[in-house]
Amino acid sequence: RFIHKWGHSLLARISTHFTAFKAAALIQRWYRRYMARLETRRCCTWRIFQSIEYAGQQDHVKLHDFFSYLVDHFTPNSNHESEYEARKDSEMEKGSDYESIEVPDNYTGPRLSFPLLPNHATALVEAFRLKQQLHARYVLNLLHETRKHLVQLPNINRVSTCYSEEITVCGDLHGQLDDLIFIFHKNGLPSPERAYVFNGDFVDRGKESVEILMILFAFMLVYPKEFRLNRGNHEDHMVNLRYGLTKEVMHKYKTHGKKILKILQDVFCWLHLATLVDEKVLILHGGVSDMPDLELLAKLDRHKVLTTEVVSCEREGRAGSCPGAGSAPWAPPPGLPRGHRASRSSSIPCSCGPPWGPGAGRCRQQAGPPRAGRRGAPCPPRQKQVVDILWSDPMAQEGCKANTVRGGGCYFGPSVTEQLLQKYNLQFLIRSHERKPEGYEFCHRRKVLTIFSASNYYEVGSNRGAYVKLGPALTPYIVQYQANKETHRLTMRQRISRVEESALRSLWEKLFASSLDLLGEFKKHDADKTGLITLSAWAEAVESVLHLGLPWRMLKPQLVNSSTDNTLEYKSWLEDLAKEQLSRENIQSSLLETLYRNRPNLEAIFRITDSDHSGFISLDEFRQTWKLFSSHMNIDITDDCICDLARSIDLNRDGHIDINEFLEAFRIVEQSSTEGDTSDCPQATNTDNSGCSKPSKR
Amino acid sequence: MADDKEREGTELVIAEFHKKIKDAFEVFDHEANNTVDVREIGTIIRSLGCCPSEGELHDLIVEVEEEEPTGYIRFEKFLPVMTKVLLEKRYRPIPEDILLRAFEVLDPSKRGFLTKEELIKYMTEEGEPFSQEEMEEMLSAAIDPESNSIRYKDYIAMMVVDDG
Chain Y
1 RFIHKWGHSL LARISTHFTA FKAAALIQRW YRRYMARLET RRCCTWRIFQ
51 SIEYAGQQDH VKLHDFFSYL VDHFTPNSNH ESEYEARKDS EMEKGSDYES
101 IEVPDNYTGP RLSFPLLPNH ATALVEAFRL KQQLHARYVL NLLHETRKHL
151 VQLPNINRVS TCYSEEITVC GDLHGQLDDL IFIFHKNGLP SPERAYVFNG
201 DFVDRGKESV EILMILFAFM LVYPKEFRLN RGNHEDHMVN LRYGLTKEVM
251 HKYKTHGKKI LKILQDVFCW LHLATLVDEK VLILHGGVSD MPDLELLAKL
301 DRHKVLTTEV VSCEREGRAG SCPGAGSAPW APPPGLPRGH RASRSSSIPC
351 SCGPPWGPGA GRCRQQAGPP RAGRRGAPCP PRQKQVVDIL WSDPMAQEGC
401 KANTVRGGGC YFGPSVTEQL LQKYNLQFLI RSHERKPEGY EFCHRRKVLT
451 IFSASNYYEV GSNRGAYVKL GPALTPYIVQ YQANKETHRL TMRQRISRVE
501 ESALRSLWEK LFASSLDLLG EFKKHDADKT GLITLSAWAE AVESVLHLGL
551 PWRMLKPQLV NSSTDNTLEY KSWLEDLAKE QLSRENIQSS LLETLYRNRP
601 NLEAIFRITD SDHSGFISLD EFRQTWKLFS SHMNIDITDD CICDLARSID
651 LNRDGHIDIN EFLEAFRIVE QSSTEGDTSD CPQATNTDNS GCSKPSKR
Chain C
699 MADDKEREGT ELVIAEFHKK IKDAFEVFDH EANNTVDVRE IGTIIRSLGC
749 CPSEGELHDL IVEVEEEEPT GYIRFEKFLP VMTKVLLEKR YRPIPEDILL
799 RAFEVLDPSK RGFLTKEELI KYMTEEGEPF SQEEMEEMLS AAIDPESNSI
849 RYKDYIAMMV VDDG
C-alpha cells in the first residue's frame with residue numbers, strides 16, 4: 001500500500017545514499033518528535049490540574065454564598081453581644097488557658113520553654129523530621145507568644161541587607177514539611193547572618209501545616225529581626241476550613257484543637273502584609289492593583305481583616321474573556337455598610353467582595369442582633385487593599401482587570417507594576433501565590449519574580465520548588481530543587497507518566513460525577529439514536545458539561561478507549577467510567593454522583609455545621625443542612641433519599657454521624673496510599689491528652 | 699453530485715483539522731490570547747503527528763511569523779499553514795524499521811549496540827546536533843548503566859510502546 005511503497009523507496013534511498021550524517025539526522029528527528037509529545041503531555045497534565053483546581057475555587061465561592069446564608073439562618077442569637085465580646089477578649093488575653101494543660105510524663109516529643117532559644121527552634125525542626133508531634137500545651141504557648149510578638153509589628157515590615165548579608169525569600173509551602181527541611185538543609189538554618197522571609201501560604205493541602213507553622217513561628221521569636229513572615233491568602237480561617245488546615249489541626253489535637261484554631265485565626269490576622277528590603281524590593285504574597293497605596297497599607301488595621309474570602313461574580317472559562325474593570329460599575333453594598341469588628345468567633349464569615357460583578361460587596365456583621373448601626377471605618381478600601389495584595393496575579397497584557405478565576409483581587413499588567421515601582425522608587429517585586437513548573441518565573445520585563453517553594457505540588461514530579469537569595473546588590477539568585485529523592489532517579493518520561501496518571505484520575509472522577517449530564521449531552525448529538533457519536537461531538541459535549549476549558553481532543557487517547565472509525569459508543573463508555581468509580585451500589589447512582597461532585601464542598605459543609613468541632617453532627621443537622629444546600633444549589637434530591645442516606649451513614653445508630661467515617665465511606669478522605677498513611681493514624685507518642693472515649697480507628 | 703459530496707467531505711476533514719489544531723495550540727497558549735511563544739511551535743507541530751527536521755521546522759516558522767518577528771506566533775497565521783501541512787500529509791513520522799536501519803548504519807559491525815561515547819559523538823556532531831540538555835535526557839533513558847551502552851533495538855521498542 002501507499003505507506004509500504006513510500007517506506008520501500010525511502011529504504012532504497014537509504015541503502016544507496018545513507019551516511020552516518022543522514023542516519024543521525026533521522027534519529028534526531030524522531031527523538032525530537034518523541035520529546036515534543038512528552039512535553040505536550042506534560043502541559044496537558046498541568047492544564048488538567050489547574051483547571052480542576054480553579055474549578056474547585058469557583059465551587060468555593062458558591063459555597064461561601066451558602067455559608068453566609070446558613071449563618072444568617074442558623075447561628076444562635078446572642079442577645080448580650082457586648083458581654084460575649086468582652087468575655088472573648090479576656091479569654092484571649094489570658095492566653096487560652098494553656099498553663100492548665102498537663103504534659104504527661106511519658107511524652108517524648110519536643111519541649112519548649114520561653115523565652116525561646118535558638119536550640120529550641122532547631123530541636124523542633126529535628127523533632128518534626130523524626131515525625132514527632134508537639135504537645136498541645138506547647139503549641140498554645142508558642143501561638144500565644146507569637147501573637148504577643150506580632151501585635152507590636154507594623155503592617156509593612158522593613159529589612160536591610162546591612163545587618164544580615166543575605167536574605168532568602170521562600171514562597172508557598174502549603175504544608176509540605178519536606179520542602180522546608182530541605183531548604184534549611186541546603187541553604188542553612190536561620191541566623192543573624194542568614195535572614196529569611198517566608199511569603200505566605202504556609203498551610204493547607206499538605207499534611208504538615210501545623211509543623212511548618214511551629215517551626216516558622218519559633219524562628220520568628222528567636223530571630224525577630226531576621227526572620228519574617230508575610231500573610232498569604234491561605235492564612236485565613238475560612239480558607240482553612242476547606243483546604244485542610246482545620247482538618248489537620250482537629251485530627252492531630254483532638255482535645256485542644258478548637259482552642260488552637262481560635263488563636264491561630266487571630267495570629268494569622270496579625271501577620272505582616274508585606275516586607276520591604278532596603279526600601280527597594282517589595283515582597284508580598286499575591287500582587288497589586290492599579291491603585292496601590294502603600295501609605296494606606298501601612299496605616300490600616302490589618303488585624304481587622306479576618307478573612308479575605310470573597311464573593312464573586314460569575315466565572316467565565318479560562319479561555320474566555322474576562323470582564324474589564326470598567327464594565328461593572330462600583331456598586332455600594334446593599335443596605336448600610338457595616339464595619340468590621342475584631343470578632344473572635346471562628347464560625348462567622350465576615351467579608352466584603354471586590355467592587356465588581358453582581359451580588360458583590362455584601363458585608364455581614366457578627367451573628368446576633370444585626371443592623372446595630374455603623375461601627376468603625378467603612379470597610380471597602382481596607383478590605384480591597386488587603387484582598388488585592390493577597391490574591392492578585394500578574395498578566396502579560398496591559399491594564400488591570402478583575403481576577404475572575406480566583407474570584408478576588410485582580411490581574412495586573414506590566415504598566416501597573418511600572419507605576420508602582422516608580423511611585424515608591426522600587427527596583428522589583430517578589431511575589432508567590434502561583435505555582436510554576438520551574439519553581440519560579442520572571443515577568444513584566446523581569447520586574448516581577450514569582451517564587452514558589454512547594455515542589456511536587458500536584459504530584460511527585462509535577463514541578464520544582466525554588467527560593468531566591470538577595471545580597472546587598474539585590475540581584476536575585478535563584479535555587480531550584482525537588483524535595484523527593486525518588487524523582488532524581490526517574491527519567492522525564494517516567495516522571496511525566498506518574499503525574500499524568502494522577503491528573504487523569506482526577507479527571508476521571510470529574511467525568512464520572514457528571515455522568516447523567518454527559519449522557520444528556522451525548523443524546524443530543526445522537527439524533528438518530530444509533531448509540532454512537534463522533535469523537536468531535538464527544539469533545540464538544542464534554543466541554544459543555546464540565547466547563548474546564550481543556551483541550552479534549554489532545555486528551556482523547558487517554559480518556560477514550562480504542563474507538564474505531566472515529567465514533568464512540570457513549571453508553572458503554574459511561575458504564576466503564578462508573579465501573580471504575582462506584583464503591584456502593586446500594587445508593588441511587590444519581591445521588592452518588594451528586595455527592596461525588598460536591599465532595600469537596602461536603603467536607604466544608606460538615607465542618608461549618610459542626611460548630612463545636614466535635615467531629616460529630618446529628619442526623620437532623622445533616623438532613624437539614626443537606627436540604628438547604630441542595631435547594632440553594634438547585635440539586636434535585638428527594639427527601640427520602642436524604643433520609644436513607646443519613647441513616648445508612650449512622651452506622652452505630654446513635655443519631656450522630658462521625659464526619660470522618662462518612663467521608664471515608666465515600667472514599668472522600670484524600671488518598672494517601674502512596675505516602676504511607678502515617679498522618680492519618682494517631683501518633684503512638686500519645687502527645688495529646690485526648691482522653692477520647694472512642695477507640696482509634698483504622 | 700459526486701463532486702459536491704467530495705467537497706463536503708473535504709470540508710468536514712478541514713473542519714476537523716481546524717479543531718485539532720486549535721486544541722493543540724491552546725495547550726501552549728498560556729495567556730489565553732491566541733498566541734504562543736515561537737519556541738513552542740515545534741512542539742505543537744509535532745504533537746499534531748508531524749515529524750519535521752529542524753530545517754523544515756525553521757522554514758515553517760518563517761511562514762507563520764509576523765513580518766517583524768515578535769517572538770510570538772498568532773493563531774490566525776498558524777492555522778492556515780498548519781491545515782495545509784496536515785492536508786498534504788507532510789513530515790510523516792518515521793516507521794520503526796527505518797529507525798532501526800538508521801541505528802544499524804551507525805553500528806556497521808552489527809554488534810547490536812552503540813557505546814555511550816559513540817552515541818554522544820553521533821548525536822552531537824552529525825546530522826542536526828543535539829543540545830547538551832537533549833543529549834543528557836536521551837542518555838538518561840537509553841543507556842544501560844551496567845554496560846554503558848545502548849541496545850538500540852530494545853530502546854526503540856521501549857520508546858514506541860510508550861509513545862502510544
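Chains as they are written, first to last, in the working numbering: chain Y, 1 to 698; chain C, 699 to 862.
Just so it is clear, CB atoms sit at the ideal spot from N, CA and C, and this is done for glycine as well.
Just so we're clear, the structure is a prediction, and the values are computed from it rather than from any experiment.
A Cβ-Cβ separation of about 7 Å places Y:N233 in contact with Y:H285 under the 8 Å criterion.
At a cut-off of 7 Å between C-beta atoms, Y:L26 counts as an interface residue with respect to chain C.
At a C-beta separation below 7 Å, Y:Y31 has these neighbours in chain C: M836.
Taking a beta-carbon distance threshold of 7 Å, Y:C44 counts as an interface residue toward chain C. With fewer than 16 other CB atoms across the displayed protein chains lying within 10 angstroms of its CB, Y:D640 is exposed. The C-beta of C:G825 comes closer than 7 Å to at least one C-beta of chain Y. Taking the CA atoms as reference points, Y:Y481 sits about 11 Å from Y:F452.
Around the CB of C:S807, fewer than 16 other CB atoms lie within 10 Å, so the residue is classed as exposed. In summary, Y:R41 is buried, with 16 or more beta-carbon neighbours lying within 10 Å of its beta-carbon over all protein chains present. Taking C-alpha positions only, Y:C162 is separated from Y:G471 by approximately 9 Å. Looking at the DSSP output, Y:V479 sits in a beta bridge with Y:Y467. Against chain C, a Cβ distance below 9 Å from Y:R158 picks out nothing, because the smallest value is about 34 Å.
Shown here, Y:R194 sits in a strand according to DSSP, grouped into three states.
With contacts defined by Cβ atoms closer than 7 Å, Y:L504 and Y:Q558 form a contacting pair. A straight line joining the alpha-carbon of Y:N561 with that of C:K717 spans about 20 Å. In the three-state DSSP reduction, Y:E569 falls in the strand class (E or B). Around the beta carbon of Y:Y477, fewer than 16 other beta carbons lie within 10 angstroms, which makes this residue exposed.
Annotation: Cβ neighbours of C:N731 in chain Y (cutoff 9 Å, chain order): A396, Q397. Nearest C-alpha to Y:N403 among Y:K384, Y:Q419, Y:T530: Y:K384. Neighbours of C:F811 in chain Y, taken as residues at a C-beta separation under 9 Å, are lacking, since the least C-beta distance is about 14 Å.
In the displayed model, Y:N230 falls within a strand according to three-state DSSP. For Y:V222, same chain residues with a beta-carbon under 6 Å away, outside a window of 5 residues either side, are L116, P118, A121 in chain order. Boundaries of the beta strand (DSSP E) harbouring Y:F616: 616-618, taken from the DSSP string. Less than 7 Å separates the beta-carbon of Y:R29 from that of C:C749. In this structure, the alpha-carbon of Y:E575 lies about 14 Å from that of Y:L532.
Sequence-distant partners of C:D805 (beyond 5 residues in either direction) whose C-beta falls short of 6 Å from its own C-beta, in its chain, are L812. Residues of the region 703-736 of chain C that bring their beta carbon within less than 9 Å of a beta carbon in chain Y comprise A713, E714, K717, K718, K720, D721, A722, F723, E724, V725, F726, D727, H728, E729, A730, N731, in sequence order. Interface residue (Cβ-Cβ distance to chain C less than 7 Å): Y:E39 is classified as such.
Against chain Y, the CB of C:V803 has a partner CB under 7 Å away; the residue lies at that interface. The beta carbon of Y:Y411 lies closer than 6 Å to those of D393, M395, K401, N403 in the same chain, with the five residues before and after it left out. For the pair C:L797 and C:I841, the Cα-to-Cα distance works out to about 17 Å. The alpha-carbon of Y:Y570 is positioned some 43 Å away from that of Y:A25. Check the Cα spacing between Y:Y253 and each of Y:R607, Y:H135, Y:R435, Y:C443: the tightest is with Y:H135. For Y:Y440, the enclosing beta strand (DSSP E) starts and ends at 440-443. Contact of C:T741 with chain Y is assigned, a C-beta pair being separated by under 7 Å. As the crow flies, the alpha-carbon of Y:G171 is around 26 Å from that of C:D735.
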